[in-house]
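Just so you know, the protein sequences line up as chains A and B, in that order.
Going by the working numbering, the first residue of the first sequence is number 8, and it counts up by one from there.
Going by the working numbering, the first residue of the second sequence is number 737, and it counts up by one from there.
Take a look at the structure set out below.
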Amino acid sequence: MKIAVVRFPGSNCDQDCLRALTDGLGIKAEYVWHKETSIAGYDAVILPGGFSYGDYLRCGAIAAFSPVMQSVTKAAHAGMPVFGICNGFQILCETGLLRGALIRNRSLLFLCQPVSLKLENNRTPFTRLSDEGAILKMPIAHGEGAYYADDQTLKELEEEGQVVFRYVNVNGQPTPEANPNGSRNNIAGICNPAGNVLGLMPHPDRSWDQRLGSDDGLQLFRSLVDTLLSVAA
Amino acid sequence: MTPTLTPELVHQHGLSEEEFERIKAILGREPNFTELGVFSVMWSEHCSYKNTRRELRKFPTTGPRVLVKAGEENAGVIDIGDGWAVAFKMESHNHPSAVEPFQGAATGVGGIIRDIFTMGARPVFLMNSLRFGPIHGDNDAARKNRKLVRGVVAGIAHYGNCIGVPTIGGEIGFDESYNGNPLVNVLCLGVLKKAEIARGAASGVGNAVFYVGSETGRDGLAGAAFASRDLTEESKADRPAVQVGDPFRGKLLLEACLELLNSGAVAGIQDMGAAGLTCSTCETASRGGTGVQIDLSLVPKRETGMSPYEILLSESQERMLIIVRSGEEERVKEVFEKWDLPYSRVGIVTDDGFMRVLNDGAVEVEIPAKQLADDAPVYEREVAIPSGSEAIEVSGLAFQDPKDSLIKLLAHPTVASKNWVFRQYDYTVRAGTVVPPGSDAAVFYVREANKFLAATTDCNHLYCRLDPREGAKIAVAEAARNLTCSGAVPLAVTDNLNFGNPYRPENFWQLREAVEGLAEACRRFETPVTGGNVSLYNESPQGTIDPTPTVGMVGLIEDERWITRQYFRDEGDVIFLIGGLGDEIGGSLYLKTIYGKKAGKPPRLDFDRELAVQKFLRALIRKGVVKSAHDCSEGGLAVALAEGCMSGPERIGAQILLPASNARVDLCLFNESQSRIVVSVPSEAIELVHQDTAQAGIETIRLGSVGGSALAIEGPQGALSWPLDQLREAWYSSIALALSQQDL
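As structure tokens, then:
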């Protein structure tokens, strides 16, 4: 089993993602350069956070056209687990693998802070080891993390269980106060209809070690590994 | 067209008649226009330290852990054990930030990060020390200050967040003396293997000289010279002297350089910071004891028609000069093409000691490199002791209700929570921040080295204004105390000396006093100075800033279990005050905030007592009984207690009983006597604290216990109580409210 961590120019959570897998779980993971045209040989793909290509255009807009994303898109359609974190989520929206968009935070300021997330769908390869309703603690760190989709899309996402994570308060309520960036319906992470593509603004790659204040993020990577192992078996 | 050299032109370049004569003597002829520009930037205060060099020699720079000394390279390097080392340094970008806060601050971050990876170190965290004028109020000065704060914070966030180096802490102070002249001091720390320190020397005659990174443009022309002048009303016209940063390019350059360094192809490496191509060529040659010859026609440019003068003096960002080992030139091509960065072989290392610059083959500049880099004149500036400040008689201070005073102090932006600022910095990237911004010291886990580092920046400008020597000593002591409170042993110091125009004798006296104070304190704490920066001419039409010798200090926490935070943890824990109640009110924030006085004699620092207190606390922490530790600084004991109640993830109260005393209660609560630390321990440890206290001969007072929903202080003169909600409202929202308002 081998997991690819894609490196775009300007990725800055690539090292954190790799460490979460290798140090956190002892799993084999490798960087894949954005100019690669194939991801053959890998069982899952992680698109890490950062500022791909500087994000001087819309976040993730240029990365969506990078050579590696053509093969990631194909693999995603074929069912390979693809996990976009922060800038990776933005890239997934730009490629059309996920619906909606991430727009500027309500405050118009970059925000770095711990948040509480409620897991609402444990039928994805990234969440199968957690219980629905579980509250996970992770940090956010983004300037453009407000999830937006039109009413119809939102309705479909909600009805089809594609809202995987929601910003909540300590009691698990998705209140306006618990919503750090103005995301619609307090959405922090969504998946595609098949569930194999997940986008998440908060950072499990920065919450896999108790020293960092939380190791709740490890659960997502552990689920992914468990999924890959059960497929292999 | 080249202008002819006139005395006016020489003067415009900031060179004195005497300096011009010296240049002619070095060259054996008159310089041409381009050479005049080269000398002008290299001999500016910013690059040459011509006015401060004699003073800086007073710093202790050696120690068992020092691997690269101050001044030797771009940044000092210290040993942290097990084959690992850290490179760290603080640098200012005050002048650019005053004129263009966003880009000024952003490029300050970019510049210090380049200094660190130039050493072969991977930058792992940033901190900053900022000073602004007051931000509260409906007046032009406050509005301007708010714009500066927003701009500087956004600029730091822009660069640091994008390049992916977490900003994990620092400090921010506010005072009228910084109106129109903010201070932006940025510290970066990087980690590297001890055996892999990179050098900025042009070694190996015949080796190729490569230019890598962004193309050269007309931005930042002669910024070093700009930073070596007073800020005036006309400074805005100097905006072209402010560089424009591109953190994306910075990130690519960082990764590409580390990759190239890792390949073993690099003989020498130097960033192009102040004075750009000029400084990097002559400094590498000077360090290598060699010469460097480059041809400007080979330099990647972003604009057409640039003159040799402009190319040499440009301070375009994200550029490096790399000396490549013979036969390894292909490596540069491989790595820089991979990262899509410009690179160009621009010259060669020679053996004649000259910095020789050609323009399409024709010699444009020919200067002995060593003399240009190292033989700038060194001056002994005149000093004059400024008139003393007003003495403070306690009896002359009308008693004010301490209940209101604590609220006012907590709402003072220097004390108030900086959450509005820190939230804009990515402090969690690199997955190593163990103690985030807002504690006495930030703690970072360097995974690759398996080491826990603590870092802090400190300086109390009020003390330094009233007594620069004592203030500087306290800056070092407080930094060490903050590290000790976090569980660390202090290792080394980087400093940033922010002062006024050195040609004013009073200013130079302040600088000399502060340097001597820093030097003495660094000796006593065994924390050598490994580098830093001097920023002079911090003056605006409103006057000179308070002297601000900022200290950045790095420490090591040898055992993860010793990491200690500043906030109270559990109900029932017992609160002690190590170091006694104190009584010095001079120079305090209380005096300034409540009585409007920047006056009196600042607190005295007793080195022996300070060292004993810190040693005592470290020993106690190592016994595993300390639940929290927070030193008393601005606002004294009352503020330290309030912060203990509020700065954690959960608020928790404290019940305090002050010992019998004849002192006025406000002086007891708000005095700023040094060497005092509030700690909390579980009740089982009370006896241990008493025993150890007696043994160490330190005054330790049992103050009370943690718990409840208020900070309640009972003294001989009555009881005071503040609901936590009220304290928090004042402390948490003060800065955010001021900065969230619309300023049109």
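Here a beta-carbon is modelled for each residue, glycine too, at the ideal position from N, C-alpha and C.
Predicted model only: the values in this text are computed from it and were never measured.
Where residue i falls, given that 16 or more other Cβ within 10 Å makes a residue buried
i, result
"B:S1131", "exposed"
"B:R801", "buried"
"B:G906", "buried"
"B:R1354", "buried"
"B:E1019", "buried"
"B:V1114", "exposed"
"A:T44", "exposed"
"A:L115", "exposed"
"B:S1383", "buried"
"A:Y60", "buried"
"B:I871", "buried"
"B:D1087", "exposed"
"B:E1206", "buried"
"B:G1454", "exposed"
"B:H1426", "exposed"
"B:S1419", "exposed"
"B:D1479", "exposed"
Nearest candidate by alpha-carbon position, reference residue i, set the options
i, options, result
"B:Y947", "B:L996, B:V889, B:I1059", "B:I1059"
"B:E1320", "B:D1306, B:L1313, B:K1337", "B:K1337"
"B:V1442", "B:W1467, B:G1332, B:V1415", "B:V1415"
"B:V1264", "B:T797, B:E1242, B:P767", "Residue identity check: residue 1264 of chain B is Pro in the sequence provided, not Val. The residue with the shortest Cα to Cα distance from B:P1264 is B:T797."
"B:R1183", "B:R1301, B:G773, B:A761, B:V927", "B:V927"
"B:V1177", "B:G891, B:A1185, B:D1194", "First, the amino acid is wrong: residue 1177 of chain B is Ala here, not Val. When each option's Cα is compared against that of B:A1177, the closest is B:D1194."
"B:L957", "B:E781, B:T1436, B:E1051, B:L989", "B:E1051"
"B:S1016", "B:T854, B:A890, B:T1300", "B:T854"
"B:R1481", "B:A1190, B:R879, B:I814", "No information on residue 1481 of chain B is available, as it lies outside the stretch 737 to 1480 that chain B covers here."
"B:G1012", "B:E1054, B:R985, B:S1022", "B:E1054"
"A:V75", "A:T102, A:F58, A:Y63", "A:T102"
"B:F1312", "B:D1344, B:I1449, B:V1212, B:T1436", "B:T1436"
"B:G981", "B:T1026, B:H829, B:F1406", "B:H829"
"B:G1024", "B:A1152, B:F1072, B:S939", "B:S939"
"B:G799", "B:G812, B:A1421, B:V1251, B:T788", "B:G812"
"B:N998", "B:A934, B:V941, B:K987, B:E1046", "B:A934"
"A:P121", "B:F1406, B:M1042, B:T1169, B:I1392", "B:T1169"
"B:F1406", "B:L1317, B:S913, B:S1043, B:F1188", "B:L1317"
"B:G1223", "B:V1179, B:I1392, B:L1475", "B:V1179"
"B:C1221", "B:L792, B:Q1246, B:T1192", "B:T1192"
"B:G1000", "B:I1210, B:L1032, B:V1071, B:P1044", "B:V1071"
Expected contact under 8 Å - CB spacing of residue i and residue j to nearest Å
i, j, result
"A:A36", "A:I10", "4 Å"
"B:R1201", "B:K1328", "Not a contact, Cβ separation roughly 10 Å."
"B:E1102", "B:T770", "That pair is no contact at about 10 Å."
"B:R1081", "B:Q1029", "Their Cβ separation, rounded to whole angstroms, is 12 Å, which puts B:R1081 and B:Q1029 out of contact at 8 Å."
"A:G57", "A:W215", "Not really, about 18 Å apart at Cβ, beyond 8 Å."
"B:D1162", "A:C66", "Wrong, their Cβ atoms sit about 14 Å apart, outside the cutoff."
"A:Y154", "A:G91", "Not really, about 13 Å apart at Cβ, beyond 8 Å."
"B:G1009", "B:R850", "7 Å"
"B:A1152", "B:S1470", "4 Å"
heavy atom of the ligand GDP below 7 Å from residue i C-beta
i, result
"A:E37", "Absence of the ligand GDP from the depicted structure is noted, as is the absence of any ligand whatsoever, leaving it without description."
message: Threshold first: 4 residues or longer. Then list the alpha helix (DSSP H) segments lying entirely within the region 30-83 of chain A, N to C.
response: Unbroken alpha helix (DSSP H) runs of no fewer than 4 residues, entirely contained in the region 30-83 of chain A, are not found.
Alpha helix (DSSP H) runs contained entirely in the region 876-910 of chain B, provided each spans 4 or more residues: Listed in chain order, they are 876-899.
- prompt: Quick check: the region 993-1009 of chain B against the region 18-32 of chain A, are there 3 or more CB pairs under 8 Å?
  reply: The answer is no - the region 18-32 of chain A does not touch the region 993-1009 of chain B, with fewer than three Cβ pairs under 8 Å.
task: Spell out a yes or no on whether the region 1279-1295 of chain B and the region 1365-1375 of chain B are touching, meaning 3 or more CB-CB pairs, one atom from each, closer than 8 Å.
output: Fewer than three Cβ pairs drawn from the region 1279-1295 of chain B and the region 1365-1375 of chain B lie within less than 8 Å of each other, which leaves the two stretches out of contact.
- request: Could you say if the region 1440-1455 of chain B and the region 1302-1310 of chain B meet the contact criterion of at least three C-beta pairs nearer than 8 Å?
  value: Verdict: yes, contact present.
- prompt: With contact counted as at least three CB pairs below 8 Å, one residue from each stretch, are the region 1034-1049 of chain B and the region 949-956 of chain B in contact?
  reply: Counting Cβ pairs under 8 Å, three or more are found: they touch.
message: Report the start-end ranges of each alpha helix (DSSP H) in the region 1052-1114 of chain B that is 4 residues or longer and not cut off at the edges.
response: Within the region 1052-1114 of chain B, the complete alpha helix (DSSP H) segments of 4 residues or longer fall at 1065-1074, 1105-1110, listed in chain order.
- request: Report the residue ranges of all alpha helix (DSSP H) runs contained in full by the region 1132-1158 of chain B; include only those spanning at least 4 residues, in chain order.
  value: Counting whole runs of 4 or more residues, the region 1132-1158 of chain B contains the alpha helix (DSSP H) stretches 1138-1147, 1155-1158.
Segments assigned beta strand (DSSP E), at least 3 residues, entirely inside the region 1245-1277 of chain B: For the region 1245-1277 of chain B, whole beta strand (DSSP E) runs of length 3 or above, ordered along the chain, are 1265-1271.
- request: Tell me the start and end of each unbroken beta strand (DSSP E) in the region 1184-1248 of chain B that is at least 3 residues and wholly inside, in chain order.
  value: Qualifying beta strand (DSSP E) stretches, in chain order: 1187-1194, 1225-1234.
task: Would you check if there are 3 or more beta carbon pairs closer than 8 Å linking the region 875-888 of chain B to the region 833-850 of chain B?
output: Of all C-beta pairs linking the region 875-888 of chain B to the region 833-850 of chain B, three or more are shorter than 8 Å, placing the two stretches in contact.
query: Within the chosen definition, does the region 170-178 of chain A reach the region 186-198 of chain A through at least 3 CB pairs nearer than 8 Å?
result: With a cut-off of 8 Å, the region 186-198 of chain A and the region 170-178 of chain A count as touching, because enough Cβ pairs lie within range.
Sufficient close CB pairs (3 or more, under 8 Å) joining the region 1461-1471 of chain B to the region 1380-1395 of chain B: Three or more beta-carbon pairs drawn from the region 1461-1471 of chain B and the region 1380-1395 of chain B are found closer than 8 Å, and the two stretches are therefore classed as touching.
field: At least three beta-carbon pairs within less than 8 Å, the region 1339-1356 of chain B to the region 1133-1145 of chain B
entry: With the cut-off at 8 Å, the region 1339-1356 of chain B and the region 1133-1145 of chain B do not touch.
query: Fully enclosed by the region 982-1053 of chain B, which alpha helix (DSSP H) runs are 4 residues long or longer?
result: The region 982-1053 of chain B contains, as complete alpha helix (DSSP H) runs of 4+ residues, the segments 983-999, 1012-1024, 1044-1049 (chain order).
field: the region 1393-1405 of chain B contacting the region 1244-1260 of chain B, beta-carbon criterion three pairs below 8 Å
entry: Not touching, per the Cβ criterion.
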